[in-house]
Structures are given as C-alpha cells and as structure tokens.
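Inspection log for the structure reproduced underneath, given as structure tokens.
There are 4 protein chains.
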Amino acid sequence: MTYVKDFDPKKQTINELVRQMKDTAFNARKLAESVDILEEMINDKKCTKFLGLSGALVPAGMRKCIVEMIRNGWVDVIVSTGANITHDLSISLGKEHYLHCDPDKTDDVEMAEKKMSRIYDVVSPDKTSITFEKNIQKIFNEIGEGDFSTYELMEWIGKRIDDENSIVKAAADCNVKIIIPAFFDSILGLQVWMYSQDRKMRINPRKDLDYMLKLHFDMKDNNETSGVFVLGGGVPKNYILQAVLIPEKPHKYAVQITTDNPQFGGLSGATLSEAISWGKLTKDSKTSCVNCDATIALPLMVSSLKERFFK
Amino acid sequence: MTYVKDFDPKKQTINELVRQMKDTAFNARKLAESVDILEEMINDKKCTKFLGLSGALVPAGMRKCIVEMIRNGWVDVIVSTGANITHDLSISLGKEHYLHCDPDKTDDVEMAEKKMSRIYDVVSPDKTSITFEKNIQKIFNEIGEGDFSTYELMEWIGKRIDDENSIVKAAADCNVKIIIPAFFDSILGLQVWMYSQDRKMRINPRKDLDYMLKLHFDMKDNNETSGVFVLGGGVPKNYILQAVLIPEKPHKYAVQITTDNPQFGGLSGATLSEAISWGKLTKDSKTSCVNCDATIALPLMVSSLKERFFK
Amino acid sequence: MTYVKDFDPKKQTINELVRQMKDTAFNARKLAESVDILEEMINDKKCTKFLGLSGALVPAGMRKCIVEMIRNGWVDVIVSTGANITHDLSISLGKEHYLHCDPDKTDDVEMAEKKMSRIYDVVSPDKTSITFEKNIQKIFNEIGEGDFSTYELMEWIGKRIDDENSIVKAAADCNVKIIIPAFFDSILGLQVWMYSQDRKMRINPRKDLDYMLKLHFDMKDNNETSGVFVLGGGVPKNYILQAVLIPEKPHKYAVQITTDNPQFGGLSGATLSEAISWGKLTKDSKTSCVNCDATIALPLMVSSLKERFFK
Amino acid sequence: MTYVKDFDPKKQTINELVRQMKDTAFNARKLAESVDILEEMINDKKCTKFLGLSGALVPAGMRKCIVEMIRNGWVDVIVSTGANITHDLSISLGKEHYLHCDPDKTDDVEMAEKKMSRIYDVVSPDKTSITFEKNIQKIFNEIGEGDFSTYELMEWIGKRIDDENSIVKAAADCNVKIIIPAFFDSILGLQVWMYSQDRKMRINPRKDLDYMLKLHFDMKDNNETSGVFVLGGGVPKNYILQAVLIPEKPHKYAVQITTDNPQFGGLSGATLSEAISWGKLTKDSKTSCVNCDATIALPLMVSSLKERFFK
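Chains as they are written, first to last, in the working numbering: chain A, 1 to 311; chain B, 312 to 622; chain C, 623 to 933; chain D, 934 to 1244.
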C-alpha cells in the first residue's frame, strides 16, 4: 500500500501536476494512473493502439488533442461516432465555427428560428452546412463509385482535405484507420445517402470488421498486444472491446474517460473489470477509468503525455 | 401553475399511482407526464411511433415490457443497439439464462474462468452461446444469400423463431421494423461475419436509412405525425431524431428515459429542448425526459399504459 | 444463484409489481430487495428504526409517505436536515403551497421579482412565510425559555400543530424523536435565532447526541438491534451511522435511496459496504442501496410495505 | 458570442492551460470561468470570502490546496462538515496516514478485521485514532470549560497545533473562522461529547449564526460584498447561502465544484441560478458551477490562481 500525499499547488509543469495527482485519491489518482498506462502502451512497440471517440469532442474544442495523438503515433485505429467525424469535416470543408452560449439562458425556440443548433453551451450556425454539403459532395464526386469500408472512405476523404488540424486528414496522413460502425447515424451518413441517390457509393461495414478481426488474428500470430483509449463509451467502446472475442486475444491496456456510472448496467458506464469476465481484458491487463468530463481530463492527459515524450 | 399534491400511498392500481405522481415533483412527475404523452401518442392514429433501445434491457428482464408494447400496436419502428437484439435471440435460440450476482462481491477473474460474462448484477454462462451460434447459423442458412437491410434480416429471423416472448418474433408478427444502425457492433454481427465467410450475406445499412427517410417524406406528404420513445440514448436516440432532418418534419412527441446528464454535452444526456434548436422537435412537440434507471421506470410506465388501454 | 425473470406488466397490485422487480436486475432489483429488508426490519420487534431525511422531500410531495411510516410504527427516530422540517412546518403553520414550474423555461430573475423561491420544478411563494413566521413565533412564545435538544423542541412544536399530515405532529403523536444535527442551517433555525434575540431559547445539540448514544448503549445491554432507512445522504446518513461507533454496536439493517455515486469519495454516494470497514455495519447486516430519485422509489416502497402489513 | 477554440496541448504553464480551457466548452470552460470569478473575488478588497468544505477532501490529499488558499488571504470564513476538520486534526494530532487501495478489489470485511476504515480508494488505520484521541483530549483539557461557538473552539484548537500544513492551524494563524454547523456529526464531535461527560464544554451553534449574520449586516452597512466558493454541497453550501437572507444582502460571487445534478431537486446539485430566486444571489452575481471531482478541479484551480497572484 502506498501513502496518499497532499497535492502541493506549487509552480510546476502540467506533467508534474499530473504526477502529483497519482499520490492523491479518487479520480485525480485515476487520471494520473491512466496517463501512466497510456505512456506504457505507447512505449510498447508491439502494441496496436485503438482510440474510441464519442461525445461532442470536436464542438467542445478537443480536436487538436486528438490530432496531436494521431500525429505523434499514439493511435493506430480510431473507432468513432459519425458525429465527431462530421463535426471535424464541417470545420475543414464548411468553415464551421462553434460559438459559446449560456445553456441556462438560451432559448432553443429562438435558436431554431436563427438556425443555430445547440450542443449544451455551444451553438453552430446551420448556414455553414451549405458550404460543407457542397464541398463534401465535390469530394464524393472525385472519389466516384464503389463499395467502401468506412475506413477506406475516410482515407479517401482525408487525402482531399486541406486542413492540418483535421482529424480525418491527420489520420490519412499517418495511415491511421477511422472506422465508423454506425456510419449512417450522422450528417455525413445523410450526405452519402444523398450522393448515392444516383451514384453507386456503397458503405460496407463488413469490411471494417474484416479489418478489425484480421488485426487481432495477426497480433495473436505475431504475439503482439493491443490497447484501448476510450473517450466516452457507446458504440466505439463496445466495438473496440468485442473485436478481441473471436481471436480470443484480450487487450493488454485499457483506459476510459467517462461520465457514466456502473450501477445502471449500461456498457458506457460499465467498469473495465466487467470486461475481464467477458474475456475482452484479462486480470493482467492494465486498466483505469476516470470519471470526468473529457474536456477537462483529455487536455491534461495529452499535455502530460506530450511532456513525457517530447522533453 | 398547478399545485404539488402529496403522494398518498393508499391502496390503488399502478396507473392510479402513476397519476398521483403527476402532482408531485422531480422525476416522479416527469415519469407521469411521460406516460400521458405516450398515451396521447398511441391515441394519435396518424402517428408513426419509434422506439429506441439501448442499455442492457433484455438481461435486466425488460423483454416482456417491450414485447407488450409491440403486440399492443404501440410501436411501429424499433431502432436498437445490436446487443439488445443479440440478447433477445440468445434466449430464444440459445436457451440463454441470466443469473443474479452481487456486483460488489463478484470476482471477474473467477467469472472469466467459469466462462460467465457479467453485466453489473447479472451474469450469463457462455456455454449457451454454442447453442445460439448453431441455431442462428441454421437460420442464416435458411435465409440464404442476399443484400439485406437490417430490418429485412430481422424480419427473416423473426419469422423463424418459436418464442412468443421474443422481441424479434413479436416485431415480425406485428410488422414492426427493427433497425440496427451499428449492426456489426454486436455478437449477432460477429455471427453474420462468420456466416458470410463463405456465403454472400451482405448487410446494407443504406436500405435502413432509405426506409427511415421514406417514412418521414410520406408523413410529410400525408400530413401525418411521428413520435419517439427512447430507452437510454446512444445511437438509437440520434438515429431516430436525425431522420427528420432531411424531410424537415420534426417529431411531435418525444419521451426519454435516461440516467445521463446534460452538462457533459453528450447526446444521450442532452435535453429534448436542445433537439428543438436542431429542428428535430419543435416548440409544439410534447416532450418529457425521466432521469431514472429504465428497470424501474419502464415497468411502471408500461403497466400504467396497459391499464389505460385495457381497462 | 437465482434466475433473472422478465418483468410481466400484467394487472397486479403495487406490491406484486415490486415483488416482480426482485427477479429483474439493476436498480429495480435493489428497490425490491430494499423493501424486503425494510419489511424484515419492521418485523424485528427488538429493532430501533432510524429514518434519515435529506433532499427536498416535502416540496416534492413526499410528506404523506413519511407520515405513513411514522404512524404505522415503522420509525423510531428521524434524523433530518433542517430544510425538510421547515418545509413541513411551513405547510402546517404558513399555509405554504408548492406550485409546479418548468425548470427549463423558468426565469429565476423573474421568480425573484415575484418573490417565488424555486426548487427545480417547484416554486413556493414567499408571502406564506409571513404567516409561518407569525405562527412559529407564537409557538415559541408558548414554549417559553429553556435549553433544548432539537428533539425536545420538535416535540414541543409537534404538540402544538393542528395538521394530521404534518411530519412533526405525527412524530410527536407517536413519540418518534426528530433530531436535526445542523439545526441552525435552516429557516427554522433562523426563526429560533430571531426569537432568542430577547428570549432564552438555547439549542443544545449535545443532548441529541446523548439520546442517540444512550439508545445504542441500551440496545447493546439488551441485546437489541437497529436499522437505518436513509433517503438521500448528507448529514443524516453520517449522523445515524456514526452513532454506533462508541457503543460498538453496528446496525443490522441499512437501506439507502440515493442519486449520488461512490466513485467521487463522498459519504452520500458511498457504498454501504464501505460502512462495514468502519464498523458501522457488519458483514451480516442486511443492506441495499437504490440509485433512484426518491420521488419515484419512495412511493413505490411505502405502497408496497403498506400492502404487506395491511392486507 | 465568442468562438470555441481548439485546446492546444502545447508546452505551457498550468494557468495558461486553464486560460485555454476558457475557450473550449462544457466543464472545462466552466472551470476556467470559475477561476476568473475567484480571481475577481480575491481582488475585490471589500469582499468577505466564504469557503464551503464537504466531501472527503483531506483524505483525498486536498489539504494543502485549502491551506494555500487560507494563507494567501483568499478565504475569510470556512464552513465545513465535521469530517473534514476531524481528518485534518487526525493528521496533525494522531499521525493519521491515508493509504491507497483498489476499491474494486478491497474486501471491507477484511478491512474491518484489520481495523482499516475505507473511503472509496483510501483507507486509514484505526490505530492512529488512539493517539488522536489522547492528544485532542489534552487540548480540551488546556482549553478547559466554557460555552463555545464552533469557530471559537476551532480557534483554540488551531492555536495549540504544531503543524504548518493543518487547515485548523492555518485558519487560526490567519484569523479565518471555521464554522461547523453539524458539529456533533463527526468524530471530533464524539470526542467533545466524551470530554464533556465530566467537564463543562458546551457547543453553542447559535453563536456561529450570530457571527455569520453580523458579518452580513456589517457588509450591508458598509456597502461591502461577499463571495462563495463551495467544494461539494451539503450543509456548508446551504449555510453560507442562507446567511444572506435575513440581512437581504445577496452574495456577489459564487463558484461551486460538484458531482451532483440539478434534476433530482436536492440542494447540492441545484443550479446557482435557483439561488437567485431565493434572493441568495442576484442576476448581477457572477456565478459558475463545475461538474467535476474536486480532486481534479481544485488542484488545477488553486495552481492557476497562484500563478496569477504570485507571478
């Protein structure tokens, strides 16, 4: 057993602050443990690293944190909700700009009239969507027709984006796959639906699963490992965790940031311990779950990791 | 303004209890308001009724409540996570049985050794999955090859199930569509993947979206309405809400049971008011959100509705 | 291990509904277990029964549920926040009436101007407080001067109240003690402060603790037991649990309804298992914690208990 | 309306990180706003600053953050649960040491046998309590007999403590009052109870309220202001907010860190907007509420403030 030590709010770097949190308790301690696990995962040269994205991370200003992780080689495969990718592309292709509002005072009926869509304390003007729509359709036209996995489509799109801060472009640049299991559950999906009214663009989610499973079979054959960093929960969490079931090759590392709780039985809030019973993790897996808004935890964690790897 | 009245724990029916809750406050009041809205929605003969399923409803014993809603004609389209449908089919085809455990005392490592998968205070023995696997593959063989929307596949499966208590069978019996936007994010998806190693069974999620959008365009043409009952949140919530965006035909009714909160910015916890700013609902939509574990709220609500419709 | 059984929303009594919940999972199951434990506690003739009150139970219409428990002999000692008792007395002495509002649309600045105080979706008009103030001061005048434990003061007040639905009167009628550990943290406390500007009314919280500890020493001497039903958490939860530490006589039963969570380290959300490590409970104590808004759980639980005891 | 800006995880100081969070969203933005409000409050020379303490802050290693605030003159009056003060004194007088444990794997029955009391992922050995008991009784003996407000008693104790890191000593050194409204709801209260078995030490909570109210009447007379920083909620939050009601002198600043939510109607989770309807705050008050574990938010906020005031 180790001692709790008082956090000392002295002058120090962000990483030093995080390291001090390791000696405190509750979620500060878990945050610091999570960074240690991520550091070890990144240093594990034989580890394939999965990143799960859910929640409105991009509208909340978390885009650069994700791009940083991609460009630093800390991620190999992203599994995302359609919304996060749509938000990313809306900025790159639609000049989307998110504005602050006061959630307690904003009148949603007024917002509807002004064509402003609200996400808690953020609103986005619908007018940018016209530009986005025009530009994404142009890209679809360049891509043409075919039968695509979501990661293939994302790669094609990524290569046609001129925005260094884009998650989709960064992933394409770094050969990081982006898989969107519920692809049509997003504005991007609706755009593909429109395009494919008279063109043959098919989304084939089976190819995504082929890729995921092949990855794990290969890891098993080559005695390699895998790790998971889940922001939020939802489909991305389940998809990344279940992919190990067929090859029976549990993840070695698992870190989650969530605001959900175990006692309601849903997967987003389920403890990582539960995943051991399923064979998705093992008793030797290194795991940590931080109960915290990702807008606070993620900047701290990425900043801390950056300090560790780029002194 | 109406008065708060003290809840009187007298001898009464469940519906009377719920009606009394309408005069109290906080989430009891919201639960009762939700039942009123659902009642109105069901009575609206021109209303297409969507049901969103997320969270481990079936392992938690909520299956009959959902079947009841289907067989009573209270649902037209179900949008579900893959897990709930897999759980439903596992019971019907795999003799799946869920057992209770104490979440504070259960050792997940021991569970893994005993091949018992845990969902909070419920465990399921993995051995049933062998029977499930055999039987679902047999059904796939009967279905043969083709290009399927998820609702078509679910209908084919439903027609081959001999279990009156099955959600999938009830839906097939009653011509209720089941759409699974993240189909491959489930054990059922993994089974289709296996089957399609040497057979041509393709899941085409675009056809699901075709169906959803056509429904809303038709409603618009025919001046009809739609309503939403969301258990949990996640992909089903978003998928049902976004489908109105292209036809620009907002839902008229929206009820949600959730344990998530607005202040973290995620969709599952977002207020229904936010959806007004997006044009998914309008200021005239009737909405209510209950912050409660669905295992408590759903039995109360379905029992109350049943009393109202089958006196 | 017992089986999960599907909840059947058939025609049945509230108690039958609760009994069915016992076979489901998550918080429905815990709610049903809690009722079983409370039933056993009530049947335990040698058990002193504590009730902890926190959260705005009275404004939310939970007053009669509490009075029912008192008048049925299901409670021996109440430990409460000052607010719940103030709210109870405001109705009895001030003709307080609570009104519904829509929390998402209510403008608190406007409420302040209209002298309406808000508690989520409930508002109370400040004008009733003038009547309350006049009447409570009249009662203080009748009581006169002295050195009071809070339970003595509450008893004196209770005997002077003409309202069968009052918690304070019911407690006085049934010789149930009401202890308010943070007495001056309430409008009632402010009223005593005003009264005692020129009269000698002293609140002596030590006498409350004398009473609590004597109870437990007596139980120990007489080989009797004790049990706890906590609505919410806070000071009442801690006060009831800590009272067993000096006599070293842990509670035998403990049921909590809370909306707080363990992972933030606070007492309100702490598991009842933690209390075992402190010696407040033992491994043989029967415990259950329901994560649910008390406005939903309490009416169900009291109705169910009533059916069991008054068939 | 201002723009959301992506958080850039570049090399920067903690204060720069917090300032960047101001341009993001959700709780990161609120955290940054809270620091801005606290900075303004500290700079307001006519402002009396209240600090509310609830939750297990000291066992979680937050003691130095609180001491730092006291010694920097950022606090005038502390209102605390008894537990936090007991924990502080246990370290100073009992050589209390808190140890880490894994909450998912710790057996509370075993902990009880080993005499280790658990607070989520922290345990404290009971044996230190013997030393604490001996030393606190010695201090009581030095103090002698009398009728004490809790702030007077805390001051007497604080002057007899030889530990620069103690909250109680720091407060005594800096003439910061510590008020404990539910004094006997704590181990410290139990110790006073023991001492006063044969000595006349009386706790008089009315004197605490005298002090609080006089402060606000004086502020009103002198046209001064007040501000609130609440860690957690509970009695300290209510006590600090209600004290303005009699003088009718609302607080000008209010910052809260909480993990509780508004929709359950309890005070701990109530929005600060609700307090406007009560007259505890006004529409011109500067307010911000961060939904976050205090172990993460507090170190960030105190570090950020320190950088601003001690460049």
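Virtual Cβ for every residue (Gly too), placed ideally from N, Cα, C.
Since we're looking at a predicted model, the values are computed, not measured.
| Collapsed DSSP secondary structure at residue 722 of chain C in the structure displayed | Along the third sequence, one-based indexing puts residue 722 of chain C at 100. DSSP places residue 722 of chain C in strand when its eight states are reduced to three.
| request: Quick one: residues in its chain with C-beta nearer than 8 Å to the C-beta of residue 511 of chain B, no 5 flanking neighbours on either side, listed in chain order? | output: Sequence index remark: in the second sequence, residue 511 of chain B carries index 200 (1-based). Contacts found: 456 and 457.
| Relative to chain D, which residues along the segment 739-751 of chain C have a C-beta separation below 8 Å, given in chain order? | 739, 740, 741, 742, 743, 744 and 745
| query | Does the separation of the CB atoms of residue 922 of chain C and residue 640 of chain C fall below 8 Å? | reply | Working through the third sequence from its first residue, we reach residue 922 of chain C at position 300. Working through the third sequence from its first residue, we reach residue 640 of chain C at position 18. Their beta carbons are under 8 Å apart, which means residue 922 of chain C touches residue 640 of chain C by this criterion.
| request: Whole angstroms is fine: what's the gap from residue 1137 of chain D's alpha carbon to residue 880 of chain C's? | output: Locating residue 1137 of chain D in the fourth sequence gives position 204, counting from the first residue. Locating residue 880 of chain C in the third sequence gives position 258, counting from the first residue. Their Cα atoms are separated by approximately 31 Å.
| query | Going along the chain, which residues of its own chain have a beta-carbon closer than 6 Å to the beta-carbon of residue 119 of chain A, five neighbours each way excluded? | reply | To locate residue 119 of chain A, count along the first sequence from 1; it is residue 119. Excluding residues up to 5 positions away in sequence, 56 and 59 lie with their Cβ nearer than 6 Å to the Cβ of residue 119 of chain A in the same chain.
| Contact list for residue 1114 of chain D against chain C, beta-carbon separation under 7 Å | Taking the first residue of the fourth sequence as position 1, residue 1114 of chain D is located at position 181. Those within 7 Å of residue 1114 of chain D in chain C are 804, 806 and 807.
| message | Considering just the uninterrupted stretch of the beta strand (DSSP E) at residue 125 of chain A, what are its terminal residues? | response | Here the question's residue 125 of chain A lines up with position 125 in the first sequence. Taken as a continuous stretch (DSSP letters only), the beta strand (DSSP E) holding residue 125 of chain A covers 122-125.
| task | Taking only beta carbons into account, state which residues of the segment 1192-1212 of chain D come closer than 8 Å to chain B, listed in chain order. | result | 1194, 1196, 1197 and 1198
| request: Less than 8 Å between the CB atoms is what I'm expecting for residue 227 of chain A and residue 26 of chain A, so what's the real figure, rounded? | output: Here residue 227 of chain A refers to the residue found at position 227 of the first sequence. Here residue 26 of chain A refers to the residue found at position 26 of the first sequence. With 8 Å as the limit, residue 227 of chain A and residue 26 of chain A do not qualify as a contact, their Cβ atoms being about 24 Å apart.
| request: Following the continuous alpha helix (DSSP H) through residue 911 of chain C, name the residue where it begins and the one where it ends. | output: Indexing the third sequence from 1 puts residue 911 of chain C at position 289. Counting along the chain, residue 911 of chain C falls outside any alpha helix (DSSP H), though it belongs to the beta strand (DSSP E) covering 903-913.
| said: Strictly under 8 Å for the Cβ-Cβ distance: is residue 239 of chain A near chain B by that measure? | reply: Counting from one through the first sequence, the residue named residue 239 of chain A turns up at place 239. At least one chain B Cβ lies under 8 Å of residue 239 of chain A.
| Partner residues on chain B for residue 719 of chain C, Cβ-Cβ distance less than 7 Å | Position 97 of the third sequence holds residue 719 of chain C. What residue 719 of chain C touches in chain B: 314.
| field | Cβ shell of residue 1151 of chain D (< 8 Å), same chain only, five flanking positions each side left out | value | Here the question's residue 1151 of chain D lines up with position 218 in the fourth sequence. So the list reads 1157, once near-sequence residues are dropped.
| Who are the Cβ neighbours of residue 654 of chain C in its own chain at under 6 Å, not counting the five residues just before and after it? | Within the third sequence, the letter at position 32 stands for residue 654 of chain C. These residues qualify, in order along the chain: 640, 643 and 644.
| request: Give the straight-line distance between the Cα atoms of residue 188 of chain A and residue 663 of chain C, rounded to the nearest whole angstrom. | output: By one-based count along the first sequence, residue 188 of chain A stands at place 188. By one-based count along the third sequence, residue 663 of chain C stands at place 41. Each residue's Cα considered, the two are about 58 Å apart.
| request: Could you work out which residues of chain D lie near residue 336 of chain B, taking near to mean beta carbons separated by less than 9 Å? | output: Along the second sequence, read from residue 1 onward, the residue named residue 336 of chain B stands at position 25. Residues of chain D passing the Cβ test: 1198.
| message | Using the three-state DSSP reduction, which class does residue 537 of chain B fall into: helix, strand or coil? | response | As a position in the second sequence, residue 537 of chain B is number 226, starting the count at 1. In the structure shown, residue 537 of chain B sits in a strand (DSSP, three-state: E or B).
| Run of the beta strand (DSSP E) containing residue 358 of chain B, from where it starts to where it stops | Stepping through the second sequence from its first residue, residue 358 of chain B is reached at position 47. Here the beta strand (DSSP E) through residue 358 of chain B covers 358-364.
| Whose C-beta lies closer than 6 Å to the C-beta of residue 87 of chain A among residues of the same chain, with five residues either side of it excluded? | Working through the first sequence from its first residue, we reach residue 87 of chain A at position 87. Once the five neighbours on either side are set aside, the close Cβ partners of residue 87 of chain A are 58 and 59.
| request: List the residues of chain A whose Cβ lies closer than 8 Å to the Cβ of residue 1071 of chain D, in chain order. | output: Residue numbering aside, residue 1071 of chain D sits at position 138 when the fourth sequence is read from its first letter. By Cβ distance, chain A contributes nothing, its closest Cβ being about 25 Å from residue 1071 of chain D, past 8 Å.
| query | Do we get a CB-CB distance below 8 Å when we pair residue 986 of chain D with the residues of chain E? | reply | The structure shown has no chain E; the protein chains it does contain are A, B, C and D.
| message | For a test of the three-state rule: what should DSSP assign to residue 316 of chain B, helix, strand or coil? | response | Here residue 316 of chain B is taken as the residue at index 5 of the second sequence, counted from 1. Coil.
| Is the segment 227-238 of chain A in contact with the segment 873-887 of chain C, if contact means three or more CB pairs nearer than 8 Å? | no
| Residue from C:802, C:747, C:787 and C:780 with nearest C-alpha to residue 794 of chain C | As a position in the third sequence, residue 794 of chain C is number 172, starting the count at 1. The residue with the shortest Cα to Cα distance from residue 794 of chain C is C:780.
| Cross-chain neighbours of residue 924 of chain C in chain D, by beta carbon under 8 Å | Taking the third sequence and counting its residues from 1, the one referred to as residue 924 of chain C is at position 302. Going along chain D, no residue has its Cβ under 8 Å from residue 924 of chain C, so there is no contact; the nearest lies around 18 Å.
| task | Select from D:1228, D:1243, D:1223 and D:1110 the residue whose C-alpha is nearest the C-alpha of residue 968 of chain D. | result | Here residue 968 of chain D is taken as the residue at index 35 of the fourth sequence, counted from 1. Minimum Cα distance to residue 968 of chain D is reached at D:1223.
| query | Applying the criterion that 16 or more other CB atoms from any shown protein chain within 10 Å of the CB defines a buried residue, is residue 310 of chain A buried or exposed? | reply | Position 310 of the first sequence holds residue 310 of chain A. With fewer than 16 other Cβ atoms within 10 Å, it is exposed.
| query | Taking the beta strand (DSSP E) that residue 877 of chain C falls in, what are its first and last residues? | reply | Within the third sequence, residue 877 of chain C is the residue found at index 255, counting from 1. Per DSSP, residue 877 of chain C belongs to the beta strand (DSSP E) from 873-880.
| Hey, out of C:659, C:874 and C:859, whose CA is closest to residue 889 of chain C's CA? | Within the third sequence, numbered from 1, the residue matching residue 889 of chain C stands at position 267. Out of C:659, C:874 and C:859, C:859 has the C-alpha closest to the C-alpha of residue 889 of chain C.
| Whole-Å CB distance - residue 436 of chain B paired with residue 427 of chain B, under 8 Å assumed | Counting from 1 along the second sequence, the entry for residue 436 of chain B is found at position 125. Counting from 1 along the second sequence, the entry for residue 427 of chain B is found at position 116. With a Cβ gap of about 6 Å, residue 436 of chain B and residue 427 of chain B count as contacting.
| query | So what does DSSP say about residue 1069 of chain D, is it helix, strand or coil? | reply | In the fourth sequence, the residue the question calls residue 1069 of chain D occupies position 136. If DSSP states are grouped into helix, strand and coil, residue 1069 of chain D belongs with the helices.
| request: Could you tell me whether any Cβ in chain C is nearer than 8 Å to the Cβ of residue 415 of chain B? | output: Counted from its first residue, the second sequence places residue 415 of chain B at position 104. Chain C contact via Cβ: present.
| said: Could you check whether residue 584 of chain B and residue 121 of chain A sit closer than 8 Å to each other, using their CB atoms as the reference points? | reply: Your numbering for residue 121 of chain A matches position 121 in the first sequence. Your numbering for residue 584 of chain B matches position 273 in the second sequence. No. Outside cutoff.
| request: Give a yes or no on whether 8 Å exceeds the smallest Cβ distance from residue 815 of chain C to chain D. | output: To locate residue 815 of chain C, count along the third sequence from 1; it is residue 193. It does; some Cβ of chain D falls within 8 Å.
| Going by other Cβ atoms of all chains shown within 10 Å of its Cβ, with 16 needed for buried, is residue 1067 of chain D buried or exposed? | Locating residue 1067 of chain D in the fourth sequence gives position 134, counting from the first residue. A residue is called buried when at least 16 other Cβ atoms come within 10 angstroms of its Cβ; residue 1067 of chain D does not meet this threshold and is exposed.
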